[in-house]
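Q: The structure's right below; bear with me while I get my questions together.
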Amino acid sequence: MLKRKDAYTVAVVGATGAVGQEIIEILEERNFPAASVRLFASERSEGKRVEFMGKTLKVEVLRPDVFEGIDMALFSAGGVRSREFAPAAVRAGCIVIDNSSVWRMDPEVPLVVPEVNPGDLKKHRGIIANPNCSTIQMVLILKPIHDAARIRRVVVTTFQSVSGTGMRAMEELLQQSVNVLNMKEVSRAVYPHQIAFNVLPHIDAFTETGDTMEETKLVNETRKILGDEALRVTATTVRVPVFRGHSESLNIETEKALSPEECRALLAGSPGVVVFDVPEKNVYPVPLEVAGKDDVYVGRVRRDPSIPNGLNLWVVGDNLRKGAALNAVQIAETLIDGA
Ligand code: A2P
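Structure, rendered in C-alpha cells:
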C-alpha cells in the first residue's frame, strides 16, 4: 500500500518511448507531487538528457536492483520488460502501474480506468494494470450507458493510429509517405504491409479463432473493467495511417430503450467525456483535432433502426494520453488521494 507523503519518488520505465515521453510531460503538466523522478530505458539510451520541471534528468539503464526507494513506477517498455522487472520492483516495495498487456487479465491485478472502476484499486498487491488504449476510450462511453440502460451487446470497429505501436511505427509511416509522394521505393519493417495510404485489418498476433490479440483484449478487458462477465462484445481492430488518435465505431444494443438525446445528455455529464455532435455543422470528433486532448470525444450519436434498442456512436481519443500515459498518471493520483 502507498504510504501518505508530501511528495513521492517516481520512476518512468521506458522513458524514451512514445508513451514514456508522454508520461514525463503529463507529470510536469499536472504538477504531480514528485520529490524526484528517475528515468529508465535500455543501454542504448543511457545518459540521454531529459528536461523536467527546470531540471535535467539523465536516463538510467533498467536493472532489477534499481527500484529500492522508489514509491511508484510507471512501466511502458513492452511486455517482456514488465514480466521481467515488475516483480522485482514490487519486492522492493514499489507500486507498479503497468502499461503492457501481461498482467491485465491476472485476477489479482486490478485493471483500472479511474473514472469507471476506481474501487478496484483497493485490491492491488503491488501491480496495477493500465488497460489497452482502445479499451480505455470505449469503457468511458459504455459505463454510463450500461448503468442507465444495461448493455446487451457491443459491436466495435477501431481505426487505430500508428503511435499505438510505438516510435518505430511513427517513423515508418512518415518515411513511407515521403517515399510514396516522391515516387521512390517503399520499404517496411514494423507492419506486414505498407501502412502509408493503406488500411490493415490486423493489430497484434492472430489467435486460433481468427481474431487478433487486440480484438480479444478489447472483449476481455471491457468485461473485467465493467465487472460484467456476461457482457457480449465483438471487435474488429484496424490500423490506419494516422499518427495519433484512435477512432472507434460503436454499435450498442441495450435492454432499456435509450434515445440519442438521452444518451448525449448522459455522456455530457460523464467525467472525461466531451459530446461533440452537431453533424449539420460538420461537428464530429476526428483524430487530428482530438490529438493532444485529455478527454475522449463522442459524436454521430444516432439510433440503429435495425434492432429495437440500438445506438451507433463514433468515439475518438488520444491513444498516447487517455489511452496510455494520462490514465496511468491518473491511477497514480487516485492512489495518492486514497493514501
Ligand atoms: P530505448 O529507447 O532505450 O530502446 P516504444 O514503445 O515507443 O518503441 O518505446 C519502448 C520503450 O521501451 C523505450 O523507452 C525503450 O528504450 C524501452 N526499452 C526497450 N527495450 C528495453 C530494455 N531491454 N530495457 C529497458 N528499456 C527498454
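Residue numbers for the sequence shown, in our numbering: -8 to 330.
The C-beta atom is built at its ideal place from N, Cα and C for all residues, glycine as well.
Keep in mind it's a predicted model, so treat the numbers as computed, not measured.
Are Ile118 and Val130 closer than 8 Å when you measure CB to CB?
A: Sequence index remark: in the sequence shown, residue 118 carries index 127 (1-based). Sequence index remark: in the sequence shown, residue 130 carries index 139 (1-based). No, the Cβ-Cβ distance between Ile118 and Val130 is not below 8 Å.
Q: Would you say the beta carbon of Ser168 is closer than 7 Å to some non-hydrogen atom of the ligand A2P?
A: Here residue 168 refers to the residue found at position 177 of the sequence shown. Not under cutoff, so the answer is no.
Q: According to DSSP, is Asn242 part of a helix, a strand, or is it coil?
A: Start at 1 with the first residue of the sequence shown, and residue 242 comes out as number 251. Strand.
Q: Should Leu304 and Val281 be called a contact, given that it needs their Cβ atoms to be closer than 8 Å?
A: Reading the sequence shown from its first residue, position 313 is the one you call residue 304. Reading the sequence shown from its first residue, position 290 is the one you call residue 281. Not closer than 8 Å, so no.
Q: Of all the options Glu34, Gly11, Gly60 and Lys39, which has the alpha carbon lying nearest to the alpha carbon of Ala26?
A: If you number the sequence shown from 1, residue 26 lands on position 35. Closest by alpha carbon: Gly60.
Q: Any idea if Met63 is buried or exposed, counting beta-carbon neighbours within 10 angstroms, 16 or more meaning buried?
A: Here residue 63 corresponds to residue number 72 of the sequence shown, with the count starting at 1. It counts as buried.
Q: Using the DSSP secondary-structure output, state which residues sit across from Met63 in a beta bridge.
A: For the purposes of this step, residue 63 is identified with residue 72 of the sequence shown, where counting begins at 1. The partner list for Met63 (beta bridge, DSSP) reads Val1 and Ile86.
Q: In three-state terms, what does DSSP make of Thr200?
A: Along the sequence shown, one-based indexing puts residue 200 at 209. Reduced to three states, the DSSP call for Thr200 is coil.
Q: With C-beta atoms as the reference, is Ala9 less than 8 Å away from Ser152?
A: Stepping through the sequence shown from its first residue, residue 9 is reached at position 18. Stepping through the sequence shown from its first residue, residue 152 is reached at position 161. It is not a contact, given that the beta carbons lie outside the stated cut-off.
Q: Keeping to the same chain, check which residues put their C-beta closer than 7 Å to that of Ser311; ignore five residues upstream and five downstream.
A: For the purposes of this step, residue 311 is taken as the residue at position 320 of the sequence shown. The amino acid at residue 311 is misidentified as Ser; the sequence shows Leu. Contacts found: Ala9, Val10, Glu13, Ser154 and Arg235.
Q: Consider the C-beta atom of Thr7 and the heavy atoms of the ligand A2P; say whether any pair is separated by less than 7 Å.
A: As a first step, residue 7 must be located in the sequence shown, where it is residue number 16. It does: the Cβ of Thr7 is within 7 Å (strictly closer) of some heavy atom of the ligand A2P.
Q: What is the DSSP secondary structure of Ile322, reduced to helix, strand or coil?
A: To locate residue 322, count along the sequence shown from 1; it is residue 331. Ile322 falls in the helix class under three-state DSSP.
Q: As a quick exercise: from Gly5, Ile243, Glu199 and Ile17, pick the residue whose alpha carbon is nearest that of His137.
A: Working through the sequence shown from its first residue, we reach residue 137 at position 146. The shortest Cα separation from His137 among Gly5, Ile243, Glu199 and Ile17 belongs to Ile243.
Q: Could you pull the start and end residues of the beta strand (DSSP E) that Leu(-7) belongs to?
A: In the sequence shown, counting from the first residue as 1, residue -7 sits at position 2. Unbroken run through Leu(-7): none, as it is neither H nor E.
Q: Within 7 Å: the Cβ of Leu133 and any heavy atom of the ligand A2P?
A: As a first step, residue 133 is located in the sequence shown; it is residue number 142 there, counting from the start. Because no heavy atom of the ligand A2P lies under 7 Å away, the Cβ of Leu133 does not count as near it: no.
Q: To which residues does DSSP link Trp305 through a beta bridge?
A: In the sequence shown, the residue the question calls residue 305 occupies position 314. Partner(s): Ser240 and Gly290.
Q: Shorter than 7 Å, the distance from the beta carbon of Arg35 to the closest heavy atom of the ligand A2P, or not?
A: Indexing the sequence shown from 1 puts residue 35 at position 44. Yes, the beta carbon of Arg35 sits closer than 7 Å to at least one heavy atom of the ligand A2P.
Q: Taking three-plus beta-carbon pairs below 8 Å as touching, is the stretch 68 to 77 in contact with the stretch 42 to 50?
A: The stretch 68 to 77 is not in contact with the stretch 42 to 50.
Q: Report the start-end ranges of each alpha helix (DSSP H) in the stretch 226 to 282 that is 4 residues or longer and not cut off at the edges.
A: Entirely contained in the stretch 226 to 282, the alpha helix (DSSP H) runs reaching 4 residues are, in chain order, 251 to 259 and 278 to 281.
Q: With a threshold of 7 Å, establish whether the CB of Phe31 neighbours any heavy atom of the ligand A2P.
A: By one-based count along the sequence shown, residue 31 stands at place 40. Answer for Phe31: yes, Cβ within range of the ligand A2P.
Q: Please identify the residue among Val4, Gly301 and Lys113 whose C-alpha is closest to the C-alpha of Asp328.
A: Position 337 of the sequence shown, counted from the start, is the residue given in the question as residue 328. The shortest Cα separation from Asp328 among Val4, Gly301 and Lys113 belongs to Lys113.
Q: Helix, strand or coil, according to DSSP, for Gln151 in the structure here?
A: Here residue 151 is taken as the residue at index 160 of the sequence shown, counted from 1. Three-state result, Gln151: strand.
Q: Does the distance between the C-beta of Leu53 and the nearest non-hydrogen atom of the ligand A2P fall short of 7 Å?
A: On the sequence shown, position 62 is the one that residue 53 refers to. Yes.
Q: If you follow the beta strand (DSSP E) that Leu222 is part of, which residue opens it and which one closes it?
A: Numbered from its first residue, the sequence shown carries residue 222 at position 231. Careful: Leu222 lies outside any beta strand (DSSP E) and carries neither H nor E.
Q: Would you mind working out which of Ser36, Val3, Val57 and Ala68 sits nearest Phe43, comparing C-alpha positions?
A: Locating residue 43 in the sequence shown gives position 52, where the first residue counts as 1. Measuring from the Cα of Phe43, the nearest candidate turns out to be Val3.
Q: Leaving out five residues before and five after Ser331 in sequence, what residues of the same chain have Cβ atoms less than 6 Å from its Cβ?
A: The requested residue 331 does not occur in the structure, where the chain is confined to residues -8 to 330.
Q: List the endpoints of the continuous alpha helix (DSSP H) containing Thr47.
A: In the sequence shown, residue 47 corresponds to position 56, counting from 1. No alpha helix (DSSP H) contains Thr47, which is instead part of the beta strand (DSSP E) from Lys46 to Val52.
Q: Scan the stretch 89 to 163 and note each continuous beta strand (DSSP E) run of 3 residues or more that stays entirely inside, going in chain order.
A: Segments of the beta strand (DSSP E) lying fully in the stretch 89 to 163: 118 to 120 and 142 to 151.
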